[in-house]
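A.B. asks: Structure incoming, see below.
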Amino acid sequence: MTHAEPFLREAIRLAQANMEAGGRPFGAVIVRDGKVLATGVNEILASNDPTSHAELNAIRAASQALGTPSLAGCAVYASGHPCPMCMAAMRLAGVTEVAYAYSNDDGEPFGLSTAAIYADLARPFAEQSMKIAYVPVRLDGAADLYAAWKARQDAAQR
11 MTHAEPFLRE
21 AIRLAQANME
31 AGGRPFGAVI
41 VRDGKVLATG
51 VNEILASNDP
61 TSHAELNAIR
71 AASQALGTPS
81 LAGCAVYASG
91 HPCPMCMAAM
101 RLAGVTEVAY
111 AYSNDDGEPF
121 GLSTAAIYAD
131 LARPFAEQSM
141 KIAYVPVRLD
151 GAADLYAAWK
161 ARQDAAQR
């Protein structure tokens with residue numbers, strides 16, 4: 011048994027309990043130094059929030075528990091293949107390891123695969139199914155947004 015298996019089994023148990031409570035079959039566990047920091051389940055149906063995925067809910071809980079947005083040194087164990095949104099959030103948070111128990115191929119027959127989204131996102135913006143446009147609008151008479159943010163960060167560090 012690998013070090014991931016007990017945490018993956020816990021993610022599956024969370025997913026099963028969530029499914030039995032009327033939710034979608036997804037659970038996630040965040041671990042650092044062999045200890046569970048946080049867990050999450052998919053709450054899309056309960057919250058009507060399309061971003062309420064198990065991994066994101068676990069990331070939010072772990073960040074609150076640690077008091078920092080950095081999850082450096084953490085691993086995420088998910089019942090299912092993380093979608094692109096969750097994978098991006100894990101990267102932005104600094105998660106260093108991800109393991110999942112059910113693949114997109116496993117989920118495909120049940121409408122639980124995000125493989126098509128991954129494929130669409132791999133295309134150049136102009137070829138994706140969603141219209142994406144860079145429109146460089148700026149406020150007249152206002153400082154550049156990013157330059158102003160950087161100046162505030164620099165001033166706060168002094």
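So for the sequence shown, the numbering used here puts the first residue at 11; every next one is plus one. Beta carbons: idealized from backbone N, C-alpha and C, even for Gly. All values derive from a computational prediction rather than experimental measurement.
What is the DSSP secondary structure of R42, reduced to helix, strand or coil?
C.D. replies: The count along the sequence shown starts at 1 and reaches residue 42 at position 32. Residue state, collapsed to three classes: strand.
A.B. asks: Determine the closest residue to A21 out of A64, I69, D43, A56, with distance taken between C-alpha atoms.
C.D. replies: Reading the sequence shown from its first residue, position 11 is the one you call residue 21. Closest option to A21, Cα to Cα, is A64.
A.B. asks: At what residue ranges does the region 88-147 contain a whole run of the alpha helix (DSSP H), taking only runs of 4 or more?
C.D. replies: Correct list: 94-103, 114-117, 125-131.
A.B. asks: Measuring only the C-alpha atoms, how far is Y110 from V41?
C.D. replies: Counting from one through the sequence shown, the residue named residue 110 turns up at place 100. Counting from one through the sequence shown, the residue named residue 41 turns up at place 31. Going by the C-alpha atoms only, they are around 13 Å apart.
A.B. asks: Which residues in the same chain as D154 place their Cβ atom closer than 8 Å to its Cβ, once the five residues preceding and following it in sequence are excluded?
C.D. replies: Working through the sequence shown from its first residue, we reach residue 154 at position 144. Excluding positions up to five away in sequence, the list reads R148.
A.B. asks: Between V39, M29, D43, which has its C-alpha nearest I54's C-alpha?
C.D. replies: The residue labelled residue 54 in the question sits at position 44 within the sequence shown. Of the candidates V39, M29, D43, the one whose C-alpha sits nearest the C-alpha of I54 is M29.
A.B. asks: A25 and A48 - do their beta-carbons sit closer together than 9 Å?
C.D. replies: Working through the sequence shown from its first residue, we reach residue 48 at position 38. Working through the sequence shown from its first residue, we reach residue 25 at position 15. No, they are not a contact pair.
A.B. asks: According to DSSP, is L76 helix, strand or coil?
C.D. replies: Locating residue 76 in the sequence shown gives position 66, counting from the first residue. Helix at L76.
A.B. asks: Within this structure, are the beta carbons of C93 and I127 separated by less than 9 Å?
C.D. replies: Taking the first residue of the sequence shown as 1, we reach residue 93 at position 83. Taking the first residue of the sequence shown as 1, we reach residue 127 at position 117. Contact: yes.
A.B. asks: What is the C-beta distance between G37 and V51, in whole angstroms, given that I count them as a contact (C-beta under 8 Å)?
C.D. replies: If you number the sequence shown from 1, residue 37 lands on position 27. If you number the sequence shown from 1, residue 51 lands on position 41. Indeed, because the Cβ distance is near 5 Å, the residues count as touching under 8 Å.
A.B. asks: At what residues does the alpha helix (DSSP H) containing F17 begin and finish?
C.D. replies: Indexing the sequence shown from 1 puts residue 17 at position 7. Unbroken alpha helix (DSSP H) run through F17: 15-30.
A.B. asks: Would A85 and F135 be called neighbours here (beta carbons separated by less than 9 Å)?
C.D. replies: Counting from one through the sequence shown, the residue named residue 85 turns up at place 75. Counting from one through the sequence shown, the residue named residue 135 turns up at place 125. No, Cβ-Cβ distance for A85 and F135 is not below 9 Å.
A.B. asks: Report yes if the C-beta distance between G77 and T106 is below 9 Å; otherwise report no.
C.D. replies: Here residue 77 corresponds to residue number 67 of the sequence shown, with the count starting at 1. Here residue 106 corresponds to residue number 96 of the sequence shown, with the count starting at 1. Cβ distance not < 9 Å, so G77 and T106 don't count as in contact.
A.B. asks: Here's the rule I'm using: 16 or more other beta-carbon atoms within 10 Å means buried, otherwise exposed. How should V2 be labelled?
C.D. replies: Limits of the chain in this structure are 11 at one end and 168 at the other, which puts residue 2 out of reach.
A.B. asks: Can you tell me which residues form a DSSP beta bridge with A37?
C.D. replies: Walking along the sequence shown from the start, residue 37 turns up at place 27. Correcting the residue type first, residue 37 is Gly in the shown sequence and not Ala. Paired residue(s): V51.
A.B. asks: Report yes if the C-beta distance between D130 and H91 is below 9 Å; otherwise report no.
C.D. replies: As a position in the sequence shown, residue 130 is number 120, starting the count at 1. As a position in the sequence shown, residue 91 is number 81, starting the count at 1. Cβ distance not < 9 Å, so D130 and H91 don't count as in contact.
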